[in-house]
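Asks: Sending over a structure as structure tokens; questions will come in a sec.
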Amino acid sequence: MYEKGIHGVDFVICNTDAQTLNNNPVSNKVQLGVSITEGLGAGADPEVEKKRN
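Just so you know, we're using this note's numbering here: the sequence shown kicks off at 3 and counts up by one.
Dropping the structure here:
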């Protein structure tokens, strides 16, 4: 939707991987689990999310 140029919408990208966030053109970014993943991806590992709680 972002690449299609849809107007009137605020886009936000959320990810654990800092590189993925930096390479995405969306300006509103939220990095998740920084203290757990140290900026790397969670590798689709649900145990990483459990450690956050």
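Note that CB positions come from ideal geometry on N, CA and C, so glycine has one too.
(1) On a Cα-Cα basis, can you pick out the residue from Gly35, Val36, Lys31 that is closest to Asn13?
(2) Which partner residues does Asn17 have in the DSSP bridge list?
(3) Hey, how far is the Cα of Gly7 from the Cα of Pro27?
(4) Which term fits Thr22, buried or exposed, when burial requires 16 or more other beta carbons within 10 angstroms of its beta carbon?
Replies: The relevant details are as follows:
(1) A small correction: the amino acid at residue 13 is Phe; Asn does not occupy that position in the sequence shown. With distances taken between Cα atoms, Phe13 lies closest to Lys31.
(2) Looking at the DSSP assignment, Asn17 forms a beta bridge with Gln33.
(3) Using only the alpha carbons, I get a separation of about 12 angstroms.
(4) exposed
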